[in-house]
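Okay, structure first, notes after.
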Amino acid sequence: MPDTPKKSPPTHGTETRKKGLMVGFRVAQEEKTEIETAAEEAGLTVGSFVREKMLLTCKTRKCQRPTIDRVLLSKTLAQLGKVGANLNQAVKLGHEGNVRGIEKVVSFLEELRLLKESILEALRRKDDC
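Counting in the working numbering, the sequence shown runs from 51 upward without gaps.
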């Protein structure tokens, strides 16, 4: 009889999660907003923030919320909208047989690549923490 390989215990994700229970409570909209704002200012998720405030000793590590350079991302989003509109117009010209439209598409694709890099840079930033 051939040996069947034994399954190894799970080592990732929700299968190894030690916290499986949830505690829920009702709050007013103002209270919910206040809790979310305080958690964001502390750089924590709401769960980690409430756990830190309520327990005498926190039994798990804090779940840090990544900070975002909101100014950079809002400028990038505005630029993305402009490039998208221009790209649409250039593609329309290309469909009409205008070679200049095709050249513009290449230019706009380069702008999109730069915007992608800008977004990735903002998401990688850790100097705010």
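For glycine and all other residues, C-beta sits at the position ideal for the given N, C-alpha and C.
Looking at Leu123 and Leu165, is the spacing between their C-beta atoms short of 8 angstroms?
no
For Phe158 and Glu171, the rounded distance between their alpha carbons
20 angstroms
Pairwise C-alpha distance: Ala140 and Glu146
10 angstroms
With 16 other CB atoms within 10 Å as the buried threshold, where does Leu173 fall?
exposed
Under the rule that 16 or more other beta-carbon atoms within 10 Å means buried, what is Thr126, buried or exposed?
Around the beta carbon of Thr126, a 10 Å sphere encloses 16 or more other beta carbons of the protein chains shown; the residue is thus reported as buried.
Local conformation of Leu238 per DSSP, three classes
The first residue shown for the chain is 51 and the last is 179, placing residue 238 beyond what the model contains.
Enclosing alpha helix (DSSP H) for Gly144 [first to last residue]
Arg120 to His145
Going straight from the alpha carbon of Lys68 to that of Ser168, what length do you get?
CA-to-CA, the gap between Lys68 and Ser168 works out to about 37 angstroms.
Would you report the Cα separation of Leu143 and Leu94, rounded to the nearest angstrom?
49 angstroms
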